[in-house]
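Residue numbers (my numbering), protein chains in the order written: chain S, 25 to 625; chain B, 98 to 470.
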């Protein structure tokens, strides 16, 4: 089909503003699917995504739309992840598009994440047009939202379709707007191949399936290809496009088209998102711009609750990584937790998703250690190490200085909560940058925040301080010198490596104290008294004590009901089994987990 | 099943005037017609069981509850007659009934005694009015005294009194008063329990956070005081919560810990024979309709060994290695060497020919016993 009749676009929106529902309606109205074939939300086909109401992996769908002018158009709808953890993936998906639909909730208006994504889209030279969703809500104020879009984002919004994706109102206007407002792709089908990888997934039959946007040239079966950044080469086995939830092979993909390529590639790391595929025999002059190697931002230790399940955990991580090139892992050993892995994630959400998938899809019981960020440790001998595991911190005498990652954070909040949000940012060692009022009632606050201060419970704190109304977005700014120390936890005078973490020296006392308090509640009483201490550089800064157990007896045992008594003893023994022995103290697994979330006071 | 094997019998009477707020046993307050129905079903259950088990020798009967003295005494007489008819109840069998002051009149006690009951267990709990109120008991100390004197008068020469420590509001002083008054009466046996706040009881809702209960130090003091005080007054502890004058230990109770087989009748009653344990369901209506079904648990050899240990260790005399060997054909050390040594090192257990918990071990008996399951 002629390039004039192709529209490559995505939908950008804040969580819950109705992106997936609108996508469903577009797919439905373009008629490729009958209603019966529809899953509730076609694009989100992982259970987990559906439950969380967010989209994790970018996907695409191709539909055919017969416009009011009587002509047929191919729509390639490319889905983008909706969370700040996946910013890079979002940017690559956007690069595969020529236009974007901005969905804004008629009642909620613009949110921080909406803005971030719109700017990202504009950066990629996409033509963005707005639609106002949920106009049937009683609290809808479409006029206000239209003005907001024009004032804040500066794009024309007066003729934005007023829709309800949920109830199918005015979806036809959206379809026509796609034809009119999204530009047709350009590119030369005769030029050397230049295909942008915007996602990939592993299939046990086909190997890696690379999702691509052909910028220039043509690709078909048998063509030798090369991934320009990773250097991997292969021969194309199949090309095709995306039906709804299935792969439909075709003869060739040419400039302007969106589709997939398979080439018996075994590892998703060979088809890195953002890389350019070219013809190995007739390569293009240079790769498409914007490729970045994926960097893990957050690390934590992941251990099987039952040490015997270590091989199962390894297999599960291997399988997950097949489909998630951004998941990093390497084996590590902890004195307290035994054999496990140090895993790297794009962010805390990514971490939680992987953890849940391991537990749910692979039926593993996990113990995870406190998440941390990557510190740059400059040693006195001039060497610099990137520290991901606190236990590897060199002796303080060998450290010249340390650097920690800092992010640019944008928080959008209604003016009533500005004070308490700023207070929170100050507490988290934030550096105030600016504040502007978007309109009378809402402000956009900009802060520079250390990443390690926001990976714990910042989201929760933000929500509770704004009654759920604050929205938040961040991007890595760079590294800055900081006075960080390693906080160790000693239980019965033995250091528990899995509980150590890196913290700013000013927060060490507070964090240490709270850790001790929390652990005191988690560690059961033993026959002897157990001191719990927090120490920095061998100096104890906080202490709690678990008193010795003085009584553990079931006085009453009546009517010969021995079975009940036995069950009780079995339960007690079962509980012991699930504990980790450190020295002569048994620590329940929940203790390792509970310290991950030290509640706000 | 050896025909010469001796059995114990437990009969559950699930009726009370009203249920105490701390109680988590199966008991109900209901009318006379329900009593009639229940006892009818109970007698039929005895018949039915005897048909399959035969006229086995019985060395002890324990009628517990609930409050067995609540229903009309004729029912208890009928049960005892039925048991004696259906089983070979030894002439010197220990036959105990539980009683609460108030519901046990002199006349009733006299009838029980005549029907062959030779041991009475009275639920006193405390001699302090305030504490009895906190426990929602229906009697006061005066009424208990009357019942106790009536029992002696009616011919009971083997009496147990239940007392309780760690009651809300209880102090060391008030507990000492209870101990003094009880020992002054000179009963043969004293059961001294520490109040356990059980989930599912009104007490749990009231005291689950521990507020209002004696603090841990006081509770432990009471516990140690019990042993010391009763010892000074001629009572020896033979089991975690049971004290007796020499020779007056409760035979029925000992049987549980020494794994003597027993047959339980009534709802919620447990049985143990032929290497299996049974627990009858707790549905009164179904029971009255003739449903005597019970949950069954078959014991493996390792289960039996575990039971031998954790039940036997409740007794101050502990368990004999020789008996273990005779019972299982394997030595106790072979099976439990590491655990015995560990507990011994921790000062909780004496690991000799006779294995027994130390006083400290008794304090944390569950911890010790869970090693063996």
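Just so you know, even glycine gets a beta-carbon here, dropped at the ideal spot from N, CA and C. Owing to the predicted nature of the structure, the values given are computational and were not obtained by experimental measurement.
#### Entry: 7 Å Cβ cut-off: residues of chain B touching residue 604(S)
Residues of chain B passing the Cβ test: none, with the nearest at roughly 18 Å.
### Query
In this structure, does DSSP put residue 175(S) in helix, strand or coil?
helix
### Query
What residues in the segment 327-338 of chain B have a beta carbon less than 8 Å from any beta carbon of chain S?
337, 338
### Message
Any C-beta of chain B within less than 8 Å: which residues of the segment 411-436 of chain S qualify?
### Response
none
### Message
Taking 6 Å as the limit between beta carbons, can you name the residues of its chain near residue 516(S), skipping five residues before and five after?
### Response
554, 607, 609
### Query
If you draw a straight line from the C-alpha of residue 386(B) to the C-alpha of residue 137(B), how long is it?
10 Å
### Query
Could one say the Cβ of residue 303(B) lies closer than 8 Å to chain S's Cβ atoms, at least one of them?
no
#### Entry: Cβ contact check for the segment 218-227 of chain B and the segment 173-183 of chain B: 3 or more pairs under 8 Å
no
### Task
Report the neighbours of residue 596(S) on chain B: residues whose CB is nearer than 7 Å to its CB, in chain order.
463, 467
### Message
Distance check for residue 564(S) and residue 537(S), CA to CA, integer angstroms please.
### Response
11 Å
### Query
Since residue 611(S) meets chain B, which of its residues come closer than 7 Å, beta carbon to beta carbon?
In chain order: nothing, as chain B lies at least about 17 Å away.
### Query
Under 8 Å Cβ-Cβ, which residues of chain S neighbour residue 157(B)?
Chain S residues near residue 157(B): none, gap ~11 Å exceeds 8 Å.
### Query
Applying a beta-carbon distance threshold of less than 9 Å, which residues of chain S neighbour residue 376(B)?
585, 587, 588
### Query
For residue 468(S), which three-state DSSP category applies?
strand
### Task
Could you check which residue in 435(B), 418(B), 436(B) has the C-alpha nearest to that of residue 428(B)?
418(B)
### Backbone CA spacing between residue 286(S) and residue 193(S) [nearest angstrom]
39 Å
### Message
So the candidates are 92(S), 100(S), 436(S); which of them puts its Cα closest to the Cα of residue 465(S)?
### Response
436(S)
### Message
Below 8 Å on C-beta distance, what does residue 576(S) contact in chain B?
### Response
460, 461, 462, 463, 464
### Query
What are the start and end residues of each continuous beta strand (DSSP E) run of 3 or more residues lying completely inside the segment 257-293 of chain S, in chain order?
257-259, 262-266, 271-274, 276-278, 282-286
### Message
Could you check whether the Cβ of residue 543(S) sits closer than 8 Å to any Cβ belonging to chain B?
### Response
no
### Message
Counting only Cβ-Cβ distances shorter than 9 Å, please list the residues of the segment 387-411 of chain B near chain S, keeping chain order.
### Response
392, 394, 400, 403, 404, 407, 408, 411
### Task
Could you tell me whether the Cβ atoms of residue 321(S) and residue 397(S) are closer together than 8 Å?
yes
#### Entry: Burial state of residue 416(S) (16 or more Cβ within 10 Å)
exposed
### Query
If you count every other CB in all the chains shown that lies within 10 Å of the CB of residue 169(S), and 16 or more means buried, which is it?
buried
### Message
So that I know if they touch, is there some Cβ in chain B lying closer than 8 Å to that of residue 593(S)?
### Response
yes
### Task
Report the three-state DSSP secondary structure of residue 45(S) (helix, strand or coil).
helix
### Message
Taking the alpha-carbon of residue 236(B) as reference, which of 454(B), 222(B), 342(B) has the nearest alpha-carbon?
### Response
222(B)
#### Entry: Alpha-carbon to alpha-carbon, residue 337(B) and residue 362(B)
26 Å
#### Entry: Members of the segment 304-321 of chain B that neighbour chain S once the beta carbon cut-off is set at 8 Å
313, 316, 317, 320
#### Entry: Between the CA atoms of residue 121(S) and residue 344(S) - distance to the nearest angstrom
27 Å
### Message
Going by C-alpha to C-alpha distance, which of 31(S), 615(S), 577(S) sits closest to residue 294(B)?
### Response
577(S)
### Message
According to DSSP, simplified to helix, strand and coil, what is residue 132(B)?
### Response
helix
### Query
From the beta carbon of residue 227(B), is the nearest beta carbon of chain S less than 8 Å away?
no
### Query
Mind pulling the chain B residues with CB within less than 9 Å of residue 573(S)?
460, 461, 464
### As assigned by DSSP and simplified to three states, the class of residue 458(B)
helix
#### Entry: Beta-carbon proximity check, residue 558(S) vs residue 513(S), cutoff 8 Å
yes
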